[in-house]
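See structure below.
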Amino acid sequence: MRLPPLNAVRAFEAVCRHGSILKAAEELNVVRGAVRQQIDTLENHFGRKLFARDGRRLVPTSQASAFAEASGAAFDILQRAAMELEGVGPDRIRLGVPSAFAVWWLMPRVADMQESLGDLVVDIVPMTVVEPLQTHPELDAVIMGGEYRPGLGVTAMRFMEDEFGPVATPALVAMLSKDPAAMGGLTMLVSRSAPKLWAEWFAESGTPPVTFSRRQEFEDLLLALGAARSGLGVAIAPRASIEDDLERGQLVAPYGFISRPLGYSLCCRTPDAKRPAFTALSSWLLRRGGRA
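In UniProt numbering, the protein residues as written are 1 to 292.
So, in structure tokens, the structure goes:
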């Protein structure tokens, strides 16, 4: 089978990731016209249109989207194979981590992690909005929580289970009854970075949805939990993110926590999964995740 021109595929994959010819051109360090020309070349090769317009955004067709995902995985494999052929091994991993998880679970253990990994440096990149690795070519790995399923070319290694549930200050919890419906008299604190946590807790705990008297949104889970700690209302929290607050009695879980067996996973590109640097990091996460 005649393969399409690789430069055209590279431009196409970048446009799919960014949804923009301009941003793709900036990444590839070429002018917009060059990217458009490469897209035309690829469409001529396949004999079909690959994009539709949604306002100012370019949206790939379903078949084109699948091809873009496969292309991204293939380029990752080629890049890492080239590094291996050149004898270049990573001595630094850029690790994307959900902000709350980074602050309350990873950072208190970071000295132990660095001691365990020796000369390998892990750059921790906080992620306000947690997105899969495929959308972040600048990262080497990410930590994902919840019901995440890895995409093509990505390997996920679960290293810790988790629990989550509503939390508030002892003073607010003292106003509640054993019926979760009593939370309706409080302010519901929501994080835009994890907007489905409340709905997931109602569904997974079997609790009928509560109608709250007031709802307040925050950009990040860190801010929502800070508001809960101040006594503003009740927030949903992953237990791993608030262990210290629970131990100090600063926050209380009036209805306990429910288990999320899928917990947290380290996600890296499949070619990296067996490389020494990533094996060392995953082994440390497994050891510490088991001890929480």
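Every residue, glycine too, gets a C-beta built ideally from N, C-alpha and C. On a predicted model such as this, the values are computed, not experimentally measured, just so you know.
As assigned by DSSP and simplified to three states, the class of residue i
i    : result
E115 : helix
G165 : strand
E223 : It should be noted that the sequence gives Leu, not Glu, for residue 223. Three-state DSSP puts L223 in a helix.
F257 : coil
D54  : strand
G19  : coil
S282 : helix
I242 : coil
Q250 : coil
D123 : strand
Neighbour-count burial assignment, residue i, 16 or more Cβ in a 10 Å radius
i    : result
P195 : exposed
T135 : exposed
D272 : buried
Q38  : buried
M183 : buried
M160 : buried
T169 : buried
M175 : exposed
S71  : buried
V110 : exposed
D76  : buried
Cβ shell of residue i (< 7 Å), same chain only, five flanking positions each side left out
i           : result
A280        : L117 and L120
A171        : G231
R36         : I21
E163        : R239, F257, I258, S259 and R260
residue 332 : The shown model of the chain, from 1 to 292, leaves out residue 332, and the question about it has no answer.
residue 296 : Residue 296 falls outside the range modelled here, since the chain spans only 1 to 292, and no answer is possible.
V30         : none
R32         : I21, L22 and A25
D245        : R229 and L251
Cβ of residue i within 8 Å of any chain C Cβ
i   : result
F12 : No chain C appears in the structure shown, which is made up of a single protein chain.
For residue j and residue i, the rounded distance between their alpha carbons
i           : j    : result
T128        : E200 : 19 Å
L197        : E204 : 10 Å
M113        : T155 : 21 Å
R10         : E138 : 16 Å
P108        : S99  : 13 Å
S282        : A82  : 23 Å
A25         : V125 : 25 Å
residue 320 : A102 : Because the chain is modelled from 1 through 292, residue 320 falls outside the range shown and cannot be assessed.
D123        : L266 : 14 Å
Cβ-based neighbour list, residue i, same chain, cut-off 8 Å, excluding 5 preceding and 5 following
i   : result
V59 : G19, F51, A52 and R53
D91 : D119, L120, V121 and A277
C-beta contact flag for residue i and residue j at 8 Å
i    : j    : result
G233 : T270 : no
V173 : V252 : yes
R215 : V190 : yes
F218 : R192 : yes
A227 : A237 : no
Close-in-space but distant-in-sequence residues of the same chain around residue i (CB under 6 Å, 5 per side omitted)
i    : result
L286 : F159
W104 : S241
H45  : P4
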